[in-house]
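Worksheet for the structure shown next.
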Amino acid sequence: MKIQGKMFIWLSVFVLAMAIVYGVWSKEPAGTTALFLAFGLCIMIGYYLAFTARRVDAAAQDNTEADVADEAGEVGFFSPHSWQPLSLAVGGALAFMGVVFGWWLLYFSAPIILIGLWGWVFEYYRGENQTQ
3 MKIQGKMFIW
13 LSVFVLAMAI
23 VYGVWSKEPA
33 GTTALFLAFG
43 LCIMIGYYLA
53 FTARRVDAAA
63 QDNTEADVAD
73 EAGEVGFFSP
83 HSWQPLSLAV
93 GGALAFMGVV
103 FGWWLLYFSA
113 PIILIGLWGW
123 VFEYYRGENQ
133 TQ
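Going by my numbering, the final residue of the sequence shown carries number 134, and the count climbs one at a time with no gaps.
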């Protein structure tokens with residue numbers, strides 16, 4: 003995690019320099035403010051990563067002699083047969099179409115999103131997959 007912290011800190015230095023240059027040349031407050039806020043976000047993430055890198059064990063990316071297989075391991079559990087992401091995708095597509103065609107589409111998309119989210123969260127608490 004040390005390298006990620008350094009990368010974000012250097013990115014924050016670059017964004018700060020660009021914010022100053024942009025602010026001086028353009029004299030436009032909205033873009034200048036956005037760049038200074040981006041600097042703040044970069045420095046917060048970089049500081050957090052650098053701060054926590056001292057408290058955790060060294061990862062494979064911190065070792066210059068590491069192989070790709072050194073970081074191998076279990077990534078996580080992914081449900082192989084879930085229909086809930088499809089319902090969330092349909093609800094999300096309808097919600098974004100509501101921005102184009104009219105906000106009234108949110109009345110139809112919000113229940114679909116909520117049903118999909120509820121089903122995804124409680125997928126392994128009921129039915130045939132209850133014991134997994």
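All C-beta atoms in this analysis are idealised placements derived from N, C-alpha and C, irrespective of residue type, glycine included.
Exposed unless 16 or more other CB atoms sit within 10 angstroms - verdict on L37: The residue in question, L37, is buried, as its Cβ has 16 or more Cβ neighbours within 10 Å.
Which of the three DSSP states is assigned to E76 in this structure? Correct three-state label for E76: coil.
Assign V17 to one of two classes, buried (16 or more other C-beta atoms within 10 Å of its C-beta) or exposed (fewer than that). By the neighbour-count rule (16 or more Cβ atoms within 10 Å), V17 is buried.
Measuring CB to CB, does L96 end up less than 7 Å from L88? No; because the gap between Cβ atoms is not below 7 Å, this pair is not in contact.
C-alpha distance - Y24 paired with L13, whole-angstrom precision: Near 16 Å, if we compare the C-alpha coordinates of L13 and Y24.
In chain order, what are the residue ranges of uninterrupted alpha helix (DSSP H) at least 4 long that sit wholly in the segment 58 to 105? List check, alpha helix (DSSP H) in window: 86 to 103.
With 16 other CB atoms within 10 Å as the buried threshold, where does G93 fall? Counting the other Cβ atoms within 10 Å of the Cβ of G93 gives 16 or more, which makes it buried.
Neighbourhood of N65 by C-beta distance below 8 Å, restricted to the same chain and skipping five residues each side: So the list reads D72, once near-sequence residues are dropped.
Reduced DSSP category for E30 - H, G, I as helix; E, B as strand; rest coil: Secondary structure at E30: coil, using DSSP grouped into helix, strand and coil.
Can you tell me whether A21 is buried or exposed, with buried defined as 16 or more other CB within 10 angstroms of its CB? By the 10 Å Cβ count, A21 comes out buried.
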